[in-house]
Amino acid sequence: MRHAAILIALLTIVSARTARADGECGDVPPSDEALEAIEHAADAEDAKTDEDEAPVLYRVPVYLHVVRRAPQGEGDMPVAHAREITIDLLNEEFAAQDIPFQFDLAKIDYINADDATYRLVQSSNEERALWDLAQVAGRRNLNIYIVGPRDDTRVTGWAEFLVNPALQRGDHVVLRYLPSKGAFSDPLVPVHEVGHWMGLLHTFHFGCGGLMHGDLIRDTPTQATGHSSCDAAYDSCPDDAGTDPIDNIMGYSHACRGTFSPGQIRRMKFLWRTVRGGKSDDVPVDDMAPTETTGCTATHGSSLGLVLLVLGLVLGRRRQVRASHVEPVAQTAAGA
Ligand SMILES: [Zn+2]
-18 MRHAAILIAL LTIVSARTAR ADGECGDVPP SDEALEAIEH AADAEDAKTD EDEAPVLYRV
42 PVYLHVVRRA PQGEGDMPVA HAREITIDLL NEEFAAQDIP FQFDLAKIDY INADDATYRL
102 VQSSNEERAL WDLAQVAGRR NLNIYIVGPR DDTRVTGWAE FLVNPALQRG DHVVLRYLPS
162 KGAFSDPLVP VHEVGHWMGL LHTFHFGCGG LMHGDLIRDT PTQATGHSSC DAAYDSCPDD
222 AGTDPIDNIM GYSHACRGTF SPGQIRRMKF LWRTVRGGKS DDVPVDDMAP TETTGCTATH
282 GSSLGLVLLV LGLVLGRRRQ VRASHVEPVA QTAAGA
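Counting in my numbering, the sequence shown tops out at residue 317, every number present.
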């Protein structure tokens, strides 16, 4: 818990609003106390090895809020599409890297909003009103708001850290959807923003300098600023080890980014265990995928396989039924 407290304090200090496009982040430089806390947090992670951890699947309940413009209906989308571009994508991307998080749709609602809310601006009154209307509080609840485009900004989305347990609002992800494209400007924006929500900074957050590791993660090379280069030899911090981590999802090289580093994955797991999720819903992997016991005869194996197949079909059907129950489409009016 000590490390959780340290991390909360750390995130409080460095917190705030990351995720603006093209180096527009407004992060606050950390204090000496924060630097010390960073080292403690990193040391706590270093003291643990993956072998120390029983394999579990961390379950993240997701609340999707689709904001559409009233009365035109711009921004409307089928449930399946909203789910595909967020939850399905997150599950695919995390699974592709063997990151043990599963995102489950808890509920989706549709919010009919005025133009200012639909084209949401970060930290605006409209954003606060939207939280009051739709936010499902809880540190482990991932609230994702899908809002409309703006011509006057390159901000594709933003996320807030859980900076303080007393803060019940603002702990969310906002994604700017482009109806003309039928997608986000970059399909991986949700992964990037959820990375922030899980506690990751941009790879360039603290710029050059080995002490800060650029982003408080030891295995991501430092990077001076957010840029879009996909040149593998690009090295904006020539005095530090390594070249810019252009393939890292927490950078801005949209055309080539996509992966988390092992250190980032450990940080997400660490924060989930100590700050966000706890252990109440973690599912031991052994309990999730029963396999045939070695030593069974071929006949037994076949029977067991059949039982598991039938069980899987039943459970699969139950999951489908349950899923249909947790996707009520709430018609809620916000603003005009
Ligand atoms: Zn970001």
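Don't be surprised by glycine CBs; every beta carbon is placed ideally from N, CA and C.
- In the same chain as Ser242, and ignoring 5 residues on each side of it, the C-beta atoms closer than 8 angstroms to its own belong to Ile198, Asp200, Thr201, Pro226 and Asn229, in chain order.
- Short of 6 angstroms from the beta carbon of Trp178, and not among the five residues preceding or following it, lie these beta carbons of its own chain, in chain order: Ala140 and Val154.
- Residue state for Lys250 is assigned as helix, using DSSP reduced to three classes.
- Closest by C-alpha distance to Thr98, out of Val136, Ala51 and Ile89, is Ala51.
- Judged by DSSP in its simplified three-state form, Tyr91 adopts strand.
- Ala222 and Arg248 have their C-alpha atoms roughly 21 angstroms apart.
- Relative to His183, the option among Leu192, His173 and Gly56 whose CA is nearest is His173.
- Around the Cβ of Leu156, a 10 Å sphere holds 16 or more other Cβ atoms; the residue is buried.
- For His46, the beta-bridge partners assigned by DSSP are Asp90 and Tyr126.
- A straight-line Cα-Cα distance of about 35 angstroms links Leu252 and Lys162.
- Straight through space, the alpha carbons of Phe82 and Val37 are spaced by roughly 9 angstroms.
- With contacts defined as CB atoms closer than 7 angstroms, Tyr233 and Ser209 qualify as a contacting pair.
- In the three-state DSSP reduction, Phe165 falls in the strand class (E or B).
- Of the candidates Ile246, Arg257 and Gly258, Ile246 places its Cα closest to the Cα of Asp79.
- Rounded to the nearest whole angstrom, the C-alpha separation of Ala115 and Gly191 is 42 angstroms.
- In this chain, Leu114 is not harboured by any beta strand (DSSP E); it is covered by the alpha helix (DSSP H) spanning Asn106 to Ala115.
- Assigned with DSSP and collapsed to three states, Phe75 falls in helix.
- A straight line joining the alpha-carbon of Cys237 with that of Leu71 spans about 17 angstroms.
- Close CB contacts of Glu108 within its chain, under the 6 angstroms cut and outside five residues either way in sequence, are with Leu101 (chain order).
- Bounds of the beta strand (DSSP E) holding Tyr158 are His153 to Leu159.
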